[in-house]
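Residue numbers (the UniProt record's numbering): 1 to 128.
Report on one structure; see the data block that follows.
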């Protein structure tokens, strides 16, 4: 076995060490002690913290939602009762059974697309 090596760095002499220590003491502490804040109000208000913007790794919804209420779904079928036929003959009025979720604008657009006619107005009646 090889003999242990002597320290490669020579030890600094005592005077140099003392001068270095005195210089460090004169310059003051390396950290400042934070003064304690006193509370002047009895109610505690939680401080506003940083809210980071969401950055998802993957979308939570796999596919975009499809329109379940298309023109074919809105107009279910024309009503063919005797009173509905009388309306068609006398008043030039079409009667349809439509989806409960459709509003007047959607009904008007559906009639225009399906039958190529411009509806003057739409009357609705919700029946049980």
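Note that the Cβ used here is the ideal one computed from N, Cα and C, for glycine as well.
The DSSP-derived three-state label of residue 126 is coil. If you check the CB distance, residue 102 and residue 74 come in under 8 Å.
If the five residues before and after residue 31 are omitted, its C-beta is found closer than 8 Å to no C-beta atom of its own chain. Here residue 97 is bridged, per DSSP, to 77. Taken through DSSP and simplified to helix, strand or coil, residue 62 comes out as coil. In the three-state DSSP reduction, residue 91 falls in the helix class (H, G or I). In this structure, residue 79 lies away from residue 107, with their beta-carbon atoms at least 8 Å apart. Sixteen is the threshold: when 16 or more other Cβ atoms of the shown chains lie within 10 Å of the Cβ of residue 111, as they do, the residue is buried.
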